[in-house]
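S.K.:
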Amino acid sequence: MMRALVPARIGQAWVLLDAEIIREILGGEPWLPIPGARAEMPGIVAWRGRAIPVVDLAAPFGFERLSTGETRARTLIAAVAESVVAVPVDAAREVHAFSPNELRPVSVTNLPYAVAEAELFERTLAVIDLPRFVAEILGGASLDLGREGIVIHAAAG
Amino acid sequence: MQQPASPQLAATGLLTIRGAAGAWGIPSSVVQGVESCDALGRTRALDVQALLGAAPTTPGQATRIVVLQVRGQELRLLVHGVLALTETASSNLLPLPPAVRSATPLLSHVAVVDGKPALFVLSPERLLEVAHVEDPNA
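Here the protein sequences come in this chain order: A and B.
To convert, count from 1 in the first sequence and add 1243; that's the numbering used here.
To convert, count from 1 in the second sequence and add 65; that's the numbering used here.
1) Does residue 1310 of chain A come out as helix, strand or coil in the three-state DSSP assignment?
2) Going by alpha carbons, who is nearest to residue 1298 of chain A out of A/1338, A/1337 and A/1322?
3) Could you give the distance in angstroms between the alpha-carbon of residue 184 of chain B and the alpha-carbon of residue 1341 of chain A?
4) Determine the contact status of residue 1251 of chain A and residue 1260 of chain A, defining contact as a CB-CB distance below 8 Å.
5) Suppose only complete runs of 3+ residues qualify. What are the beta strand (DSSP E) ranges in the stretch 1311-1371 of chain A, listed by chain order?
6) Would you kindly check if the distance between the Cβ of residue 159 of chain B and the Cβ of residue 174 of chain B is under 8 Å?
7) For residue 100 of chain B, which residues does DSSP report across the bridge?
8) Let me know the secondary structure DSSP gives residue 204 of chain B once reduced to three states.
9) Kindly list the residues whose CB is nearer than 8 Å to the CB of residue 1368 of chain A, restricted to its own chain and excluding five residues on each side of it in sequence; keep chain order.
10) For the ligand HEM, is there any heavy atom lying closer than 7 Å to the beta carbon of residue 187 of chain B?
11) Note the first and the last residue of the continuous alpha helix (DSSP H) segment covering residue 1373 of chain A.
12) Tell me which residues share the same chain as residue 177 of chain B and place their Cβ nearer than 7 Å to its Cβ, disregarding the 5 neighbours each side in the sequence.
13) Do residue 1356 of chain A and residue 1336 of chain A count as a contact pair if the criterion is CB distance below 8 Å?
14) Given that residue 144 of chain B touches chain A, what residues does it touch there, using C-beta distances under 7 Å?
15) Nearest to residue 1278 of chain A by alpha carbon, out of B/87, B/196 and B/79?
16) Compute the beta-carbon to beta-carbon distance between residue 1318 of chain A and residue 1269 of chain A, rounded to the nearest angstrom, for a pair I have assumed lies under 8 Å.
17) Using beta carbons (cut-off 8 Å, strictly below), is residue 1378 of chain A in contact with chain B?
18) Leaving aside the five residues before and after residue 1264 of chain A along the sequence, list all residues of the same chain whose C-beta is less than 8 Å from its C-beta, in chain order.
Structure representation (structure tokens):
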């Protein structure tokens, strides 16, 4: 069975995220910093008439974290851990489908929450377990919310 | 010919405070008044900035005491910044997701302006609970 993954760049690192949890890919979204918030969940964005938390993968990766007033070029809206969250990234590309034998155990990359690796763009990318990261931040259990199509409102890049 | 019904969105009044530590608001329905700040007043007021995890308020010209009436009890807040009364459609007040509410229980909503999250709204009820914790005789 093929696994659909979305390539996204955070800092200098390209990673792969499961496409089935991505609801939309937006451009840079303004966010409001939460007073005293932890770096992994620094703020709030408004999405479809609701407030959703921003989760910053740069924090566990040890990259430069989102600072107040800063936005990244793309915002992934993901449904994970019984919540919808916004994941700012520097770039996102079209969904790629990988066969099981194209996904290998982690051996080259060294990122937290990596569960597998795959070759893309002539490099090795880590497949990131975003639901686990979000569940740990939000303190809840992960939940499969099923498949819905991805809506892309911004040109990939 | 019948006129089309115009949608009437319920408006919510907010007292907003914009300071160096950020912007936040409180429903104006619970605001009884705004007072100047003296040393005695400061000691009897909740420092909202400090409660939100920012640096405690340094008294200055822009420091005020906002007096609230919540569930029949008076509550005094120490605030610092530019105060303004504003109205927003209730549909622009978005409840915070549970994870954020548990991390910052004093905040209840985020106010959206032009589709962008603009400021957090404090929960008067939670402020009252905090006041009781800080002063059991309150």
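The C-beta atom is built at its ideal place from N, Cα and C for all residues, glycine as well.
M.R.: On the basis of the data shown:
1) Stepping through the first sequence from its first residue, residue 1310 of chain A is reached at position 67. The DSSP-derived three-state label of residue 1310 of chain A is coil.
2) In the first sequence, residue 1298 of chain A corresponds to position 55, counting from 1. Checking every option, the nearest Cα to that of residue 1298 of chain A belongs to A/1322.
3) Within the second sequence, the letter at position 119 stands for residue 184 of chain B. Within the first sequence, the letter at position 98 stands for residue 1341 of chain A. Computed Cα separation, rounded: 42 Å.
4) As a working mapping, residue 1251 of chain A is identified with position 8 in the first sequence. As a working mapping, residue 1260 of chain A is identified with position 17 in the first sequence. Against a cut-off of 8 Å, the Cβ pair of residue 1260 of chain A and residue 1251 of chain A comes out as a contact.
5) Runs found: 1317-1323, 1326-1332, 1339-1341, 1357-1363 and 1366-1371.
6) Locating residue 174 of chain B in the second sequence gives position 109, where the first residue counts as 1. Locating residue 159 of chain B in the second sequence gives position 94, where the first residue counts as 1. Between residue 174 of chain B and residue 159 of chain B, the CB-CB gap stays under 8 Å.
7) Position 35 of the second sequence, counted from the start, is the residue given in the question as residue 100 of chain B. Checking the DSSP bridge columns, you'll see residue 100 of chain B partnered with B/130.
8) Any property of residue 204 of chain B remains undetermined from this structure, which presents chain B solely from 66 to 203.
9) As a working note, residue 1368 of chain A is residue 125 in the first sequence. Sequence-distant partners of residue 1368 of chain A (beyond 5 residues in either direction) whose C-beta falls short of 8 Å from its own C-beta, in its chain, are 1250, 1257, 1258, 1259, 1352, 1360, 1361 and 1362.
10) Summarising the ligand content, the structure contains no ligands, and the ligand HEM is consequently not present.
11) Position 130 of the first sequence, counting from 1, holds the residue named residue 1373 of chain A. Per DSSP, residue 1373 of chain A is one residue of the alpha helix (DSSP H) stretching across 1373-1381.
12) By 1-based counting over the second sequence, the position of residue 177 of chain B is 112. For residue 177 of chain B, where only same-chain residues beyond five positions count, the Cβ hits under 7 Å are 157, 159 and 183.
13) Taking the first sequence and counting its residues from 1, one reaches residue 1336 of chain A at position 93. Taking the first sequence and counting its residues from 1, one reaches residue 1356 of chain A at position 113. Cβ distance not < 8 Å, so residue 1336 of chain A and residue 1356 of chain A don't count as in contact.
14) As a working mapping, residue 144 of chain B is identified with position 79 in the second sequence. Going along chain A, no residue has its Cβ under 7 Å from residue 144 of chain B, so there is no contact; the nearest lies around 14 Å.
15) The residue labelled residue 1278 of chain A in the question sits at position 35 within the first sequence. Per the C-alpha coordinates, the member of B/87, B/196 and B/79 positioned closest to residue 1278 of chain A is B/87.
16) Position 75 of the first sequence, counted from the first residue, corresponds to residue 1318 of chain A. Position 26 of the first sequence, counted from the first residue, corresponds to residue 1269 of chain A. Right, their Cβ atoms sit about 4 Å apart.
17) If you number the first sequence from 1, residue 1378 of chain A lands on position 135. Output row for residue 1378 of chain A: interface = no.
18) Stepping through the first sequence from its first residue, residue 1264 of chain A is reached at position 21. Short of 8 Å from the beta carbon of residue 1264 of chain A, and not among the five residues preceding or following it, lie these beta carbons of its own chain, in chain order: 1321, 1322, 1323, 1373, 1374 and 1388.
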